[in-house]
Amino acid sequence: RRSSDLFLKGGQTQTEKDLSDEKFKIILTRIAKPENVVGESEKGIYTALHEKVVGASTGGNKTASAILSVTAATTVEETKRIRTELEAAQQKGDALAKEILDLAGTVAQQEAVADNLRKVFVELVHPEQIKDAAKKEQFTAVHDKVREASESGNALAVAVMGVTDVTTAEALTKLVDDL
Numbered sequence: 316r317r318s319s320d321l322f323l324k325g326g327q328t329q330t331e332k333d334l335s336d337e338k339f340k341i342i343l344t345r346i347a348k349p350e351n352v353v354g355e356s357e358k359g360i361y362t363a364l365h366e367k368v369v370g371a372s373t374g375g376n377k378t379a380s381a382i383l384s385v386t387a388a389t390t391v392e393e394t395k396r397i398r399t400e401l402e403a404a405q406q407k408g409d410a411l412a413k414e415i416l417d418l419a420g421t422v423a424q425q426e427a428v429a430d431n432l433r434k435v436f437v438e439l440v441h442p443e444q445i446k447d448a449a450k451k452e453q454f455t456a457v458h459d460k461v462r463e464a465s466e467s468g469n470a471l472a473v474a475v476m477g478v479t480d481v482t483t484a485e486a487l488t489k490l491v492d493d494l
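Structure representation (structure tokens):
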């Protein structure tokens, strides 16, 4: 297994490759322009990485220069080329390539966690969609209590009842932090 593998339930792994090209491009865009990143801790991560990429670009690293040129208009082909170059560089021991791919792996893992959280919250909001009878009964009992609290004006319960399949990872993280 590669060092960038993420371990999942049941011994499965998920690598940064599982991060879509579009999401990988977002990471590259954030490295290129960290000032556009929302959230101070994330901005700090991307700013530090940006400074390293600028240094590598100044030193003649063509992949680093390509990363600094990534925008929303960058093609999928260009994104794939950069990813392939980073993977090759990582195999040769390039620490910066490893750091960028590790960040992509972390983002992929965060996405997987957010997907699982979203699924649980949506089941809580809509227990009638659950097929397993025992699970449906448990979720319905919790749903009823959360709905009552929501109707009583509890802000956290209102937020929980507002979760849908398109709720962002950031909103889910905030909700979990508030719990």
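Numbering (my numbering), first residue to last: 316 to 494.
From the three backbone atoms N, C-alpha and C, an ideal C-beta is built for every residue, glycine too.
Counting contacts by CB-CB distance shorter than 8 Å, is residue i in contact with chain C?
{"i": "V368", "result": "Judged by its chain identifiers, the structure shown contains no chain C, having just a single protein chain."}
Determine the burial state of residue i: buried for a count of at least 16 other Cβ atoms within 10 Å of its Cβ, exposed for fewer.
{"i": "V481", "result": "exposed"}
{"i": "G408", "result": "exposed"}
{"i": "L471", "result": "exposed"}
{"i": "L494", "result": "exposed"}
{"i": "K463", "result": "Per the sequence presented here, residue 463 reads as Glu, with Lys not at that position. The residue is exposed, with fewer than 16 neighbouring Cβ atoms inside 10 Å."}
{"i": "V354", "result": "One point to set straight first is that residue 354 is Gly, not Val, in the sequence displayed. Result: exposed."}
{"i": "T328", "result": "Annotation note: pLDDT 39 at T328 (below 50); position unreliable, coordinate value reported separately. T328 comes out exposed."}
{"i": "Q406", "result": "exposed"}
{"i": "A419", "result": "buried"}
{"i": "S318", "result": "Bear in mind that a pLDDT of 38 at S318, under 50, signals an unreliable position, so the number given afterwards is only what the model happens to contain. Answer is exposed; the Cβ neighbour count stays below 16."}
{"i": "A456", "result": "exposed"}
{"i": "E350", "result": "exposed"}
{"i": "A496", "result": "As displayed, the chain neither begins before 316 nor continues past 494, which places residue 496 out of reach and without an answer."}
Could you name the residues of the same chain whose beta carbon sits closer than 7 Å to that of residue i, not counting the 5 residues immediately before and after it, in chain order?
{"i": "I495", "result": "Summary: the structure shown does not reach residue 495, with the chain confined to residues 316 through 494, and so no result is reported for it."}
{"i": "A371", "result": "A379 and L411"}
{"i": "L432", "result": "L487 and V491"}
{"i": "V461", "result": "L439, A472, V475 and M476"}
Residue i: which of the options sits nearest, CA to CA?
{"i": "T390", "options": "T479, L490, F339 and A429", "result": "F339"}
{"i": "Q424", "options": "E452, A484, V353 and P442", "result": "A484"}
{"i": "E393", "options": "P442, A449 and I341", "result": "I341"}
{"i": "L490", "options": "H458, A429, K446 and E452", "result": "A429"}
{"i": "E400", "options": "D417, A456, K377 and Q453", "result": "K377"}
{"i": "D333", "options": "G468, L416 and A387", "result": "L416"}
{"i": "V385", "options": "D336, K358 and D447", "result": "D336"}
So residue i packs on residue j, CB below 8 Å; how close in whole Å?
{"i": "F436", "j": "V473", "result": "In fact, because the Cβ distance is near 13 Å, the residues do not count as touching under 8 Å."}
{"i": "L364", "j": "E414", "result": "7 Å"}
Under 6 Å Cβ to Cβ from residue i, same chain only, skipping five residues before and after it: list those, please.
{"i": "H458", "result": "L439 and P442"}
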